[in-house]
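Under full-length UniProt numbering, the residue at position 206 of the sequence shown is numbered 206, and the numbers go up by one with no gaps.
Don't be surprised by glycine CBs; every beta carbon is placed ideally from N, CA and C.
None of the values given here were measured: they were computed from a predicted structure.
Data block below; observations after.
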Amino acid sequence: MRNNWMNSLSLNQRLYLPLVFFVVVLFIVFQTLSSYQYIESEKQNLINRITILSTGIGANLTAAIQFDDAITGQEILSAFSADPMLVSVSVLTAADTVFANFNNTDKLHTSANNAEELTLTKQGYVFSKQHLYMLVPIYMDETELAKMRIVVSLNGLHALKWSQLEISLYLLVILVLLSSFVIHRLRHWMISPIRQLNDAMINVIHFNQTEMVQQQSNSKDEFSKLINYFNTMIIKLNQRESKIKHTIVQLEYEKAFADDVISTVQHALLVVDHAGHIILANDSCSKLFYDSPQALLSKHICDVINPSDPELFQQSLQNALLGKKQFNHELIKAVNANGTAIYQLVSHPLSHKHQTLFALEDVTEKSLAERQQHLAAKIFENSREAILLLNSHGHIEMVNRAFCRLIGQESSTVIGKYYRSVLTETNNLPMKKEILMALALDQQWQGECLFYNRNKKVSTPLHLKINEIIDNETNDSQIVVLASDISSVKEAQRLAYIAQHDALTHLPNREFLHHYLVEKLALPRTHVMAVLFIDLDGFKFVNDSYGHEVGDHVLQIVAKKLMQSVRQNDIVTRLAGDEFVVVLNPVKNREPIINISEHIIASISQPIRIKEHIIHVGASIGYYYIEPKDVTGIDNVLHCADMAMYQSKMQGKGCITEFNPVEEVECV
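Below you can see the structure in the form of structure tokens.
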């Protein structure tokens, strides 16, 4: 309990409480002993003084006692009045009778008690609280004549005690003040530095404050050294704290930077432990795996990736986790919410933490694009069309095999050359102003041209498609030229033209007319069509009179007049000899049919000058009016129009006749 009480005291209390206690106790003991000795000395002095005084007066009383002269004895005793402390003096004879006495009328006294009387009888004096009682014998020739009983007041001694006590109190006050000053200085020299150190340490421990302790003097004692050591420690702590804070700030900045990089990187990043469980995932994982990064934590990476071949992936994963063989941009087929996906996987071991970092990228579209690009390259290389790629300066960047076959050169000999040195010099590739203007306006042009191959010495008809491709980011342009060999198409067109056109007049022939009417009559119609059957009047006379050469020339001129007399959508055909068929499509009513027919007759009836001959021919026209709901066959339509033309011939030639079924019966 005492130890607990002592332990609870502060250093300041532990220092000044024992010191004050020791000084006070020492002062009290010393002052008590000193006062006691002083009082005892004063008592002894009082006894000695009274003894000497009474002995001297007693010697003077011997004669009075021998002669029993009480009056003289009374006078002699009055000498005791010189001592104010004496209360009374009685001279007792051997018979214990009072011979004479002296009383100080100003002082009263009480008689001694029995105990005090016994002590007085034994030792000759005794002290009571208020008085000193003494028995002083009176001798004469060593014979005791009488005894003096003396009562001495102790008021003076008591006053001396109080005076001694007052002095002690003054000394005590002085001692306390001096002790306080000493304690104050000790506190200043010892306690204050220790308290400052204590407060500074408390601030360091509890409040993380690292303030230095200010020295109160320039002393070089142990406390000053301790304070210097403490301040040095604080300086180093501040320096270390500053370095730590700077390091923490740098680490936080680097961590924030790393977190930003990890969160903004487009690849999905996964950190897994040695068992393959995910312990860290970045934000890009949510786009790849359609789940939040927090939801992926603690899951097995195999369950998250969901590979198409789990066993093969598990083997490779185990090798990566054990550090044997890492994934190096390997493609993993997996199944996700959108179906099948292809991930590109890279792994890297984190040796100091026994963890592995996996970086995944969804390359499904990229892989598809690469396959499409590879396919496009194959198509480009194996295309039957000749393909030429020019940069914005007109230099050749790419060509395919078909182009090389077309020009008869290897690709290595033309790549990087200006296109004119490869194409224009050969002969006549039509890179003319209209092509450049079309590219400037629409970024495209297409048309046909003849390309001369100087190695084969032949011209090849080509169909060209020229497109200008502009990059929106760099604004660079490239020109793509696709050239198709249309020799077979041209030949087929030529044969088809020959088969469906008249060789003399170049008009469509009967076969063309048949196909045309089949196509038009088979489709639903809301408008009227008209088929005009035209036969020349007087043409046999021309052939017989001027010959077939002039007759052929007349047919050519008539064909031109027919083409000039009809509308753009109408067609003019030659059946045979001097017979022509015109199809008017569409017509609103019979009025435009009559107008066009009259214009044809008037145009053909104009004189024709051939060399020195002036030739006159005419025309008879019969037509068939085809209603939208008319289902008459093609042969019947031509037959009806022919019959109507025959009616025009019968009416005197140069006439226009619409087919009439009644007239057809009469004609028959």
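Top-ranked residue by Cα proximity to residue i, from the options
{"i": "L507", "options": "E468, L532 and F580", "result": "F580"}
{"i": "L321", "options": "F313, T356 and A483", "result": "T356"}
{"i": "L172", "options": "F21, Y290, N198 and E241", "result": "F21"}
{"i": "D83", "options": "N319, I52 and L375", "result": "I52"}
{"i": "N382", "options": "R401, A94, L390 and F80", "result": "R401"}
{"i": "L226", "options": "N198, Q239, V249 and H267", "result": "N198"}
{"i": "I205", "options": "I47, L177, Y229 and L237", "result": "L237"}
{"i": "G339", "options": "L177, Q647, P307 and L495", "result": "P307"}
{"i": "N103", "options": "L92, I202, V151 and N319", "result": "V151"}
{"i": "I621", "options": "L177, P628, F659 and K611", "result": "F659"}
{"i": "L464", "options": "N203, T474 and F403", "result": "F403"}
{"i": "E144", "options": "K243, G654, I498 and D96", "result": "D96"}
{"i": "D141", "options": "Y497, Q66 and S81", "result": "Q66"}
{"i": "L175", "options": "K243, V24 and L296", "result": "V24"}
{"i": "P193", "options": "Y229, I305, S180 and Y170", "result": "Y229"}
{"i": "V271", "options": "S298, D260, F257 and S81", "result": "S298"}
Simplified DSSP assignment, three categories, for residue i
{"i": "C655", "result": "coil"}
{"i": "residue 669", "result": "Any property of residue 669 remains undetermined from this structure, which presents the chain solely from 1 to 668."}
{"i": "M148", "result": "strand"}
{"i": "S88", "result": "strand"}
{"i": "L439", "result": "helix"}
{"i": "E330", "result": "strand"}
{"i": "T426", "result": "Any reading at T426 must be qualified, since the residue scores a pLDDT of 43, below 50, and its modelled position is unreliable; the value itself is stated next. Reduced to three states, the DSSP call for T426 is coil."}
{"i": "Q164", "result": "helix"}
{"i": "I469", "result": "strand"}
{"i": "Y290", "result": "coil"}
{"i": "T93", "result": "strand"}
{"i": "S111", "result": "coil"}
{"i": "P661", "result": "helix"}
{"i": "T356", "result": "strand"}
{"i": "V566", "result": "coil"}
{"i": "D642", "result": "helix"}
{"i": "residue 698", "result": "With the chain covering only 1 through 668, there is no way to say anything about residue 698."}
{"i": "T119", "result": "helix"}
{"i": "D68", "result": "coil"}
{"i": "A496", "result": "helix"}
{"i": "S347", "result": "strand"}
{"i": "S477", "result": "strand"}
C-beta atoms of residue i and residue j nearer than 9 Å
{"i": "I534", "j": "A619", "result": "yes"}
{"i": "I387", "j": "V480", "result": "yes"}
{"i": "L288", "j": "F358", "result": "no"}
{"i": "F30", "j": "D68", "result": "no"}
{"i": "E591", "j": "I656", "result": "no"}
{"i": "A70", "j": "A63", "result": "no"}
{"i": "L317", "j": "C302", "result": "yes"}
{"i": "G56", "j": "A146", "result": "no"}
{"i": "residue 689", "j": "I235", "result": "No answer is possible for residue 689: it lies beyond the span of the chain, which begins at 1 and ends at 668."}
{"i": "I183", "j": "L19", "result": "yes"}
{"i": "H527", "j": "P586", "result": "yes"}
{"i": "L331", "j": "S367", "result": "yes"}
{"i": "N101", "j": "S111", "result": "no"}
{"i": "I396", "j": "G416", "result": "yes"}
{"i": "residue 669", "j": "I76", "result": "Residue numbering for the chain in the displayed model covers 1 to 668; residue 669 lies beyond these limits and cannot be assessed."}
{"i": "G447", "j": "R420", "result": "no"}
{"i": "Q487", "j": "S392", "result": "Residue identity differs from the one stated: residue 487 is Ser in this sequence, not Gln. Not closer than 9 Å, so no."}
{"i": "H277", "j": "H300", "result": "yes"}
{"i": "A499", "j": "E511", "result": "yes"}
{"i": "S34", "j": "L86", "result": "no"}
Supposed contact pair residue j and residue i - C-beta distance, whole angstroms, cut 8 Å
{"i": "L517", "j": "D485", "result": "Contact doesn't hold; Cβ gap of about 35 Å is too wide."}
{"i": "L523", "j": "L555", "result": "Not quite, the Cβ-Cβ distance comes to about 32 Å (not below 8 Å), so this is no contact."}
{"i": "Y343", "j": "A334", "result": "6 Å"}
{"i": "V542", "j": "Y624", "result": "No, V542 and Y624 are not in contact; Cβ-Cβ is about 28 Å, not under 8 Å."}
{"i": "S78", "j": "V136", "result": "About 17 Å separates the two Cβ atoms, so there is no contact after all."}
{"i": "V572", "j": "V566", "result": "6 Å"}
Short CB-CB distance (under 9 Å) between residue i and chain D
{"i": "K236", "result": "Of the chains in the structure shown, none is chain D; there is only one protein chain."}
Cβ contact check for the stretch 464–474 and the stretch 531–545: 3 or more pairs under 8 Å: Of all C-beta pairs linking the stretch 464–474 to the stretch 531–545, fewer than three are shorter than 8 Å, placing the two stretches out of contact.
Validate contact between the stretch 554–570 and the stretch 598–614 using beta carbons, cut 8 Å, 3 pairs: Yes, the stretch 554–570 is in contact with the stretch 598–614.
Stretch pair the stretch 580–590 + the stretch 630–637: three plus CB contacts closer than 8 Å: At 8 Å Cβ cutoff, the stretches do not touch.
Contact the stretch 122–131 vs the stretch 152–159: 3+ CB pairs below 8 Å: Here the stretch 122–131 makes contact with the stretch 152–159; the two share three or more CB pairs at distances below 8 Å.
Inter-stretch contact (C-beta, 8 Å, three-pair minimum) for the stretch 541–554 and the stretch 610–626: Per the Cβ contact rule, the stretch 541–554 is in contact with the stretch 610–626 (3 or more Cβ pairs under 8 Å).
Stretch-stretch touch, CB-based, cutoff 8 Å, three pairs: the stretch 385–404 with the stretch 360–371: Flag = no, the stretch 385–404 and the stretch 360–371 do not touch.
Given 8 Å, three or more beta-carbon pairs between the stretch 111–124 and the stretch 165–173: The answer is no - the stretch 165–173 does not touch the stretch 111–124, with fewer than three Cβ pairs under 8 Å.
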